[in-house]
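Notes follow once the structure below has been shown.
2 protein chains.
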Amino acid sequence: MTSRDAILESALTLFDSRGYDAVGVQEIVETAGVTKPTLYHFFGSKNGLLETLIDENFVGLSQMLGEDAIYHGDLTLTLQKIVKGYFKFALENRRYYRFQLSLWFSPPESEAFQAVSAINEQQHAILEKVFIDAVANHGNMRGRHKVYAATFLGMINTYIGLALNGYVELSDQLVYQIVHQFMHGIFS
Amino acid sequence: MTSRDAILESALTLFDSRGYDAVGVQEIVETAGVTKPTLYHFFGSKNGLLETLIDENFVGLSQMLGEDAIYHGDLTLTLQKIVKGYFKFALENRRYYRFQLSLWFSPPESEAFQAVSAINEQQHAILEKVFIDAVANHGNMRGRHKVYAATFLGMINTYIGLALNGYVELSDQLVYQIVHQFMHGIFS
DNA sequence: AACCGAGTATACCGTTCGGTATATTATTTG
DNA sequence: CAAATAATATACCGAACGGTATACTCGGTT
Chain V
334 MTSRDAILES ALTLFDSRGY DAVGVQEIVE TAGVTKPTLY HFFGSKNGLL ETLIDENFVG
394 LSQMLGEDAI YHGDLTLTLQ KIVKGYFKFA LENRRYYRFQ LSLWFSPPES EAFQAVSAIN
454 EQQHAILEKV FIDAVANHGN MRGRHKVYAA TFLGMINTYI GLALNGYVEL SDQLVYQIVH
514 QFMHGIFS
Chain A
334 MTSRDAILES ALTLFDSRGY DAVGVQEIVE TAGVTKPTLY HFFGSKNGLL ETLIDENFVG
394 LSQMLGEDAI YHGDLTLTLQ KIVKGYFKFA LENRRYYRFQ LSLWFSPPES EAFQAVSAIN
454 EQQHAILEKV FIDAVANHGN MRGRHKVYAA TFLGMINTYI GLALNGYVEL SDQLVYQIVH
514 QFMHGIFS
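The listed protein sequences correspond, in order, to chains V and A. Here the working numbering is used: the first residue of the first sequence is 334, the next is one more, and so on. Here the working numbering is used: the first residue of the second sequence is 334, the next is one more, and so on.
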């Protein structure tokens, strides 16, 4: 493993278990088996390390959304594909997704918030587009796409959080239940 | 305002906007207009300040749960009272609830997590009891009370988070919708 | 052979961290 | 009034913080 990857790996583990602010760069480089100038050579700053960490881990989720979050006439089906994609990504990147979850409601003026706001907006934008495209077929959704996107993502994250703590299993049945529950909440 | 209250007030504002780890005690006491030994006189440590802050702000929510989270034969009605209580509390303690939300998925080995785990368990215990008591009337809920409590709280927090960020309004209609949506997700 | 740039180590910078020893001032209590 | 207790200030502690100046190694290029 290269020094760069070792640093990213150690940073993810430490940030996930104790949080970004509570971990110092000294501990990161010691865990990675390198020295401080190496970290600053690759990432410029502690914040740059955080941004790189988030960006490079998020691409997988971003790719999934690019493929699955496209409305083709059947909203229920599209939402099921999205939920399934989130579940798959969360299970394959447990540490990262837990870390991303911990940043979900992070304080607005924290460094961590600045770093996740970009990927949050990206997710919202893609999900909103799904609901906007679906408006033609579901007239009573007009103007509510922002709320729907946020609510939908909120439900997904809630269940993933439950799963990451061992409360539930991310099964196909749960995918169906969540989408069903969400749709019911919208159209009643 | 007493020095003690000034410290708690400043700490809440700073923790809420930048996070517990990113704020130093020096900044807290400067904002409060006191000196460091005063803080240590009242709270013993920075962590003690955090615990006191959480405990003293949580009592309001705890009281509400003690009054409203009691199953009397009508589960839908009970859940509506609980959601209404959460909404009321969140609106009356916006800064605190936002801070509590930011600690919801905090890293398991962070100081903040240790401090909120107590109140999290308290909420879960009370909500679980509601679902256990309701089992007699809803046979198909047996053994699922832990999941239900976590899911229910997850939905409440999701919507409060949306409201605190201006996406939705915490209306009585939303109370009804959430409970309806939750019940539908359970019994289908 | 000379050079170059990427990667890395040693040793250090000034600042801030959480926390405290000591002393002084108010405030209560006997 | 005197004694005790609570509340506060000055000044400081060692450790850790994020970050860097400098120099060295080393594989590839000219």
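Cβ coordinates follow ideal geometry from the N, Cα and C atoms, glycine included. All of these numbers come straight from a predicted model, not from anything done at the bench.
{"query": "Range covered by the alpha helix (DSSP H) that runs through A:P441", "result": "Note, A:P441: premise wrong, no alpha helix (DSSP H); not H, not E."}
{"query": "Where V:R475 sits in the DSSP three-state scheme", "result": "coil"}
{"query": "Proximity to A:H457 [Cα-Cα], best of A:E363, A:L341, A:L394 and A:G472", "result": "A:L394"}
{"query": "Three-state secondary structure assigned by DSSP to V:A454", "result": "This sequence places Glu at residue 454 of chain V; Ala is not what is there. Of the three classes helix, strand and coil, the one that applies to V:E454 here is helix, per DSSP."}
{"query": "Beta-carbon contacts of V:R337 that lie in its chain and below 6 Å, excluding the five residues immediately before and after", "result": "F375"}
{"query": "Within chain A, the residues that V:A534 reaches when beta carbons sit closer than 7 Å", "result": "Summary: the structure shown does not reach residue 534 of chain V, with chain V confined to residues 334 through 521, and so no result is reported for it."}
{"query": "Under 8 Å between C-beta atoms of A:A448 and V:D354", "result": "no"}
{"query": "Same chain, Cβ closer than 7 Å to A:I387, neighbours up to 5 away in sequence not counted", "result": "A448, V449 and I452"}
{"query": "Span of the alpha helix (DSSP H) around V:T385", "result": "K379 to D401"}
{"query": "Coarse secondary structure for A:L503, derived from DSSP in three states", "result": "coil"}
{"query": "Alpha-carbon to alpha-carbon, V:D401 and V:I415", "result": "6 Å"}
{"query": "Proximity below 8 Å, CB of A:Y404 to CB of A:A467", "result": "yes"}
{"query": "Chain A contact residues for V:D349, given Cβ-Cβ distances below 7 Å", "result": "P440"}
{"query": "CA-to-CA distance, A:S378 to A:I493, given in whole angstroms", "result": "31 Å"}
{"query": "Partner residues on chain V for A:T335, Cβ-Cβ distance less than 7 Å", "result": "Under the 7 Å cutoff, chain V gives no residues; its nearest Cβ is about 26 Å from A:T335."}
{"query": "The ligand ZN heavy atom lying under 7 Å from the CB of A:R428", "result": "Among the components of this structure there are no ligands whatsoever, and the ligand ZN is therefore not found."}
{"query": "Local Cβ density within 10 Å of V:F520, reported as buried at 16 or more and exposed below that", "result": "exposed"}
{"query": "Cβ-based burial, A:G352 [other Cβ within 10 Å; buried from 16]", "result": "buried"}
{"query": "Segment limits, alpha helix (DSSP H) that includes V:V416", "result": "L408 to E425"}
{"query": "Proximal residues to V:Y481 (C-beta, below 6 Å), its chain only, five neighbours per side dropped", "result": "F464"}
{"query": "Three-state secondary structure (DSSP) of V:H490", "result": "Note on identity: in this sequence residue 490 of chain V is Asn, with His being the wrong assignment. Of the three classes helix, strand and coil, the one that applies to V:N490 here is helix, per DSSP."}
{"query": "Whether V:R428 touches V:T346 by CB criterion (8 Å)", "result": "yes"}
{"query": "Contact with chain V by A:M474, beta-carbon distance below 8 Å", "result": "no"}
{"query": "Element boundaries [alpha helix (DSSP H), containing V:H374]", "result": "K369 to F376"}
{"query": "Beta-carbon proximity check, A:H517 vs V:H471, cutoff 8 Å", "result": "no"}
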